[in-house]
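Enquirer: So for the sequence shown, this note's numbering puts the first residue at 83; every next one is plus one.
Here you go, one structure.
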Amino acid sequence: METKVYRWNPAEENGKTVAAAAAVLRGGGLAAIPTETVYGLGADGLNGAAVRRIFEAKGRPQDNPLILHVPDGTWLDRCCAAVPPLARRLAEAFWPGPLTMILPRAACVPDETTAGLDTVGVRCPDHPITRAIIAAADTPIAAPSANTSGRPSCTTAADVLEDMDGKIEVVVDGGSCAVGVESTILDLTVSPPRLLRPGGLPLEALEAVCGAVAVDPAVTRLMRPGEQPKAPGMKYRHYAPKAPVTVVAGVPERSADYIRTRLSSGEGVICFEEFRSFFAGVPVQSLGPAADKNEQARRVFDALRAFDGMQVTAIWAQCPDTTGLGLAVANRLKKAAGFHVIDADGEEARP
Ligand code: AMP
Ligand code: MG
Numbered sequence: 083m084e085t086k087v088y089r090w091n092p093a094e095e096n097g098k099t100v101a102a103a104a105a106v107l108r109g110g111g112l113a114a115i116p117t118e119t120v121y122g123l124g125a126d127g128l129n130g131a132a133v134r135r136i137f138e139a140k141g142r143p144q145d146n147p148l149i150l151h152v153p154d155g156t157w158l159d160r161c162c163a164a165v166p167p168l169a170r171r172l173a174e175a176f177w178p179g180p181l182t183m184i185l186p187r188a189a190c191v192p193d194e195t196t197a198g199l200d201t202v203g204v205r206c207p208d209h210p211i212t213r214a215i216i217a218a219a220d221t222p223i224a225a226p227s228a229n230t231s232g233r234p235s236c237t238t239a240a241d242v243l244e245d246m247d248g249k250i251e252v253v254v255d256g257g258s259c260a261v262g263v264e265s266t267i268l269d270l271t272v273s274p275p276r277l278l279r280p281g282g283l284p285l286e287a288l289e290a291v292c293g294a295v296a297v298d299p300a301v302t303r304l305m306r307p308g309e310q311p312k313a314p315g316m317k318y319r320h321y322a323p324k325a326p327v328t329v330v331a332g333v334p335e336r337s338a339d340y341i342r343t344r345l346s347s348g349e350g351v352i353c354f355e356e357f358r359s360f361f362a363g364v365p366v367q368s369l370g371p372a373a374d375k376n377e378q379a380r381r382v383f384d385a386l387r388a389f390d391g392m393q394v395t396a397i398w399a400q401c402p403d404t405t406g407l408g409l410a411v412a413n414r415l416k417k418a419a420g421f422h423v424i425d426a427d428g429e430e431a432r433p
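Have a look at this one:
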């Protein structure tokens, strides 16, 4: 199949692009769409056959449910059997934006979308062309990240084509994603609400609206045998570069020093911008400044992806503290490392 690329131009009227992408989706086809977090691989979320094509194109495990994307908060009632007042308050506060809410599913949502669960994830993405396409398609759009399963999420249309060229009808090129990590997932079917995946909306922002928020253990550690994360996707080792990754947490000076003194030839490093000079002659990807977590979120997948094109035998990664967006950045790095994490603060710093 030929994959068509439509370029969104914010300075122009994009009516034709919107109509063409919406027609593909209405007809049961696949369209990769830009969002503020990462690119999504969209299909009509109420059409089981269309949704099955997403799983085929990505090679995604069948038990991993999809998030429905809507153009505004009023569509919660189209997707969910019950919408508690807190869900409406959160939609008011954070949509459009990187928040996915888990709620009881409406009868029209097929098993293919929810992987047979009686709940459904819903979010309203903050990208004007994508909201316009969904509104024109007039159906909630199921859209997981547009990467092949097991690969890092895509933050540009070029990343999407690398994984999906020839497998899908359309890529809508809406530029680089501004946030860079996926949405925050909050389960509102339990009390207190539970954070299932840290993402582009910080936990602290949710707590300001919800009060207490429980954090699912899958966010910070590997599941033990017999344990199941509430968000099925959290059990998969997503975002993994080909070389094994070791994450080094702790004060940036200490983690950089820890890596510098243990690094062997042929290994690569993901570090904060300030510490590039520690690693002269070493393949390095910068996460951006140690204090700029927004930039780290934008860069984390590219940094991981970049090493796949290089001959490195192992990757060391500095890791931010877990406040604000740091919780999501640290989670993506730790998942790439299979939770192989060393705390440099707990180690004696070498000279
Ligand atoms: P992706 O769109 O690839 O970032 O993946 C979406 C993730 O949302 C899945 O991997 C699940 O972990 C999570 N998710 C979607 N629907 C539900 C649900 N009904 N209950 C719990 N988690 C969900
Ligand atoms: Mg994904």
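Quick reminder that beta carbons are idealized off the backbone N, C-alpha and C, glycines included.
Using the Cα positions of V100 and I211, report the straight-line distance between them to the nearest angstrom.
Expert: 7 Å
Enquirer: Are at least three pairs of beta-carbons, each pair with one atom in the region 254 to 269 and one in the region 375 to 394, less than 8 Å apart?
Expert: yes
Enquirer: With 16 as the cutoff for other CB atoms within 10 Å, does S273 come out buried or exposed?
Expert: exposed
Enquirer: Where does K324 fall in DSSP's three states?
Expert: The DSSP-derived three-state label of K324 is coil.
Enquirer: Put D126 into one of helix, strand or coil per three-state DSSP.
Expert: strand
Enquirer: Considering only the alpha carbon of each residue, which of K416, V411, M183 and P222 lies closest to A132?
Expert: It is P222 whose Cα lies nearest to the Cα of A132.
Enquirer: Tell me whether P178 sits in a helix, a strand or coil according to DSSP, three-state version.
Expert: Looking at P178 - three-state DSSP - the assignment turns out to be coil, as it is neither helix nor strand.
Enquirer: Please go through the same chain and pick out, in chain order, the residues whose beta-carbon is closer than 8 Å to the beta-carbon of L407, but skip the five residues on each side of it.
Expert: V263, G282, P284, K375, N376, Q378 and A379
Enquirer: Closer than 6 Å between the C-beta and any heavy atom of the ligand AMP: which residues qualify, listed along the chain?
Expert: N146, P147, I149, I184, T196, L199, T201, V202, G203, P226, S227, E264, I267, L278, K312, A313, P314, G315 and M316
Enquirer: Is any heavy atom of the ligand MG found at a distance shorter than 7 Å from the C-beta of S347?
Expert: no
Enquirer: Just to check, is the beta-carbon of S368 closer than 7 Å to a non-hydrogen atom of the ligand MG?
Expert: no
Enquirer: In chain order, which beta strand (DSSP E) runs of at least 3 residues are fully inside the region 164 to 228?
Expert: Taking only runs of at least 3 residues, the beta strand (DSSP E) segments lying wholly in the region 164 to 228 are 181 to 186 and 201 to 205.
Enquirer: Using alpha carbons as the reference points, say which of K317, H422, S337 and F354 lies closest to A325.
Expert: Nearest to A325 by alpha-carbon distance, out of K317, H422, S337 and F354, is H422.
Enquirer: Considering Cα atoms alone, identify which of A396, A240, L172 and D245 is closest to P323.
Expert: A396
Enquirer: Just mark Q310 as buried or exposed, buried being the case when its beta carbon has 16 or more other beta carbons within 10 Å.
Expert: exposed
Enquirer: Tell me whether L150 sits in a helix, a strand or coil according to DSSP, three-state version.
Expert: Strand, per DSSP.
Enquirer: Quick check for students: name the residue ranges of the alpha helix (DSSP H) that lie wholly in the region 386 to 427, counting only runs of 4 or more.
Expert: The qualifying runs are 408 to 418.
Enquirer: Cα-Cα, which of L243, E356 and H209 is closest to G256?
Expert: H209
Enquirer: For G26, which option in I149, G248, S337 and T117 has the closest C-alpha, if you only look at C-alpha atoms?
Expert: What the structure shows of the chain is the stretch from 83 to 433, and residue 26 is not part of that stretch, so it cannot be assessed.
Enquirer: Could you work out which residue in L168, T302 and W157 is closest to A188 when comparing CA atoms only?
Expert: W157
Enquirer: Measuring alpha carbon to alpha carbon, tell me which of A164, R336, D220 and R142 ends up nearest L128.
Expert: D220
Enquirer: Note the first and the last residue of the continuous beta strand (DSSP E) segment covering I115.
Expert: A113 to I115 is the span of the beta strand (DSSP E), which, as asked, contains I115.
Enquirer: Find the nearest neighbour of A426 within the set V152, R303 and R344, judged by alpha-carbon distance.
Expert: R344
Enquirer: Within 10 angstroms of the Cβ of V152, are there 16 or more other Cβ atoms? Answer buried if so, exposed if not.
Expert: Residue environment: V152 is assigned as buried (16 or more neighbouring CB atoms within 10 Å of its CB, all protein chains considered).
Enquirer: How should V333 be labelled, buried or exposed, when 16 other C-beta atoms within 10 angstroms of its C-beta is the threshold for buried?
Expert: Result: exposed.
Enquirer: DSSP state of R276, grouped into three classes?
Expert: strand
Enquirer: Quick one: measure Cβ to Cβ for K140 and P207, integer angstroms, because I've assumed they're closer than 8 Å.
Expert: 18 Å between Cβ atoms; not a contact.
Enquirer: DSSP state of L268, grouped into three classes?
Expert: strand
Enquirer: Could you check what DSSP says for P350 in three-state terms: helix, strand or coil?
Expert: The amino acid at residue 350 is misidentified as Pro; the sequence shows Gly. Of the three classes helix, strand and coil, the one that applies to G350 here is strand, per DSSP.
Enquirer: If I follow the unbroken alpha helix (DSSP H) through R344, where does it start and stop?
Expert: P334 to R344
Enquirer: Can you tell me whether D126 is buried or exposed, with buried defined as 16 or more other CB within 10 angstroms of its CB?
Expert: buried
Enquirer: Kindly examine the ligand MG and report whether one of its heavy atoms sits closer than 7 Å to the Cβ of S359.
Expert: S359: no, Cβ never under 7 Å from the ligand MG.
Enquirer: Out of A410, D390, L268 and A338, which has the shortest C-alpha to C-alpha gap to A294?
Expert: L268
Enquirer: Below 8 Å, can you find three or more Cβ-Cβ pairs linking the region 363 to 371 to the region 237 to 252?
Expert: The region 363 to 371 vs the region 237 to 252: no contact.
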